[in-house]
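In the numbering used here, each residue carries its 1-based index in the sequence shown increased by 10. Beta carbons: idealized from backbone N, C-alpha and C, even for Gly. Below is one structure, written out as structure tokens; comments come after it.
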Amino acid sequence: MFIEPSTPEQRDSLMIECLSRTSPQLFIILELNQKELRSDPWNPVPHLRCAVERGDNIYLCLERLNPYDQPPLKTVANYLDFFRQVLEGLAFLHEHHIANVSFRDPATCIMVDLGSAPSTCTSLDDFDRTVYPVRYYFTNLRNARRYDATSETSNSAFGHDVKECGAMIGDMLIR
Numbered sequence: 011m012f013i014e015p016s017t018p019e020q021r022d023s024l025m026i027e028c029l030s031r032t033s034p035q036l037f038i039i040l041e042l043n044q045k046e047l048r049s050d051p052w053n054p055v056p057h058l059r060c061a062v063e064r065g066d067n068i069y070l071c072l073e074r075l076n077p078y079d080q081p082p083l084k085t086v087a088n089y090l091d092f093f094r095q096v097l098e099g100l101a102f103l104h105e106h107h108i109a110n111v112s113f114r115d116p117a118t119c120i121m122v123d124l125g126s127a128p129s130t131c132t133s134l135d136d137f138d139r140t141v142y143p144v145r146y147y148f149t150n151l152r153n154a155r156r157y158d159a160t161s162e163t164s165n166s167a168f169g170h171d172v173k174e175c176g177a178m179i180g181d182m183l184i185r
């Protein structure tokens with residue numbers, strides 16, 4: 011769910027996600043938003059503003075993000091930056107023994123922060139990725155799990171992530 015800004019000039023919009031109190035995704039998001047991990051530039055988990063408990067659910071208020079391709083990737087440099095950040099994010103998760111990240115449809119699993127745009131940039135049409143830096147985040151961690159780094163299952167899960175990420179990049183280069 012998206013909460014729109016209070017005024018067009020404000021950057022106070024949010025994304026709200028409702029997760030079960032026992033959801034592995036919840037624990038991953040909470041852990042990777044701890045101060046020491048949040049400050050790592052390779053951390054691909056969206057910034058958590060607050061969490062609210064209601065019954066068996068936790069409502070996460072996350073920084074507002076846009077679909078990864080809005081505005082569209084236009085230059086080779088845009089694509090290289092996207093691929094670099096996705097690979098860094100995957101490496102970060104694997105270093106923390108987290109796997110089963112979905113890359114099948116980048117439109118549903120990767121979003122972009124356009125927060126570096128000046129307040130005079132009021133529409134996506136005015137945004138230029140070559141002028142303002144962007145940051146990509148993994149937003150679909152529903153199947154992600156923490157693994158014992160030495161188990162065969164983890165090696166298989168980590169390998170599957172790399173193959174799926176490579177297939178996504180290959181598909182993007184073909185279109």
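Name the DSSP bridge partner or partners of TYR147?
Within the DSSP bridge table, the entry for TYR147 names MET121 as partners.
Could you name the residues of the same chain whose beta carbon sits closer than 8 Å to that of ASN53, not counting the 5 residues immediately before and after it, in chain order?
Taken in chain order, the residues that qualify are LEU42, LEU47, GLY99 and PHE102.
In this structure, how does DSSP classify SER30 when only helix, strand and coil are distinguished?
Looking at SER30 - three-state DSSP - the assignment turns out to be strand.
Buried or exposed for SER4, please, with buried defined as at least 16 other CB atoms from any protein chain shown within 10 angstroms of its CB.
Residue 4 cannot be examined here, being either before or after the span of the chain that is shown, 11 to 185.
Tell me, which residues are paired with ARG156 by DSSP?
Beta-bridge analysis with DSSP links ARG156 to ILE108.
From ARG152, LYS84, VAL144 and HIS170, pick the residue whose C-alpha is nearest to that of LEU183; which is it?
Comparing Cα positions, the closest option is LYS84.
Helix, strand or coil for LEU75 per DSSP?
Secondary structure of LEU75 (DSSP, three-state): coil.
Outcome for PRO15 when other beta-carbon atoms lying within 10 angstroms are tallied against a minimum of 16
Because the pLDDT at PRO15 is just 49, under 50, the model does not fix this residue reliably, and the value given afterwards should be weighed accordingly. Burial state of PRO15 is exposed, judged by a 10 Å Cβ sphere holding fewer than 16 other Cβ atoms.
Quick check: what's the CA-CA separation for GLY7 versus ILE26?
Look at the range of the chain in this structure, 11 to 185, and you will see that residue 7 is not part of it.
Indicate whether GLN35 and ARG152 have their beta-carbon atoms separated by less than 8 Å.
ARG152 sits close to GLN35, with the two beta carbons spaced by under 8 Å.
For the candidate residues LYS45, ILE68, CYS175 and PRO56, whose alpha-carbon lies nearest to that of LEU124?
For the options LYS45, ILE68, CYS175 and PRO56, the alpha carbon positioned closest to that of LEU124 is the one of PRO56.
Collapsed DSSP secondary structure at GLN20 in the structure displayed:
Its pLDDT being 49, under 50, GLN20 is placed unreliably by the model, and the measurement read from it follows with that caveat. In this structure, GLN20 counts as coil in the three-state DSSP scheme.
How about CYS28 and PHE113: do their beta carbons lie closer than 8 Å?
No, these two residues do not count as a Cβ contact at 8 Å.
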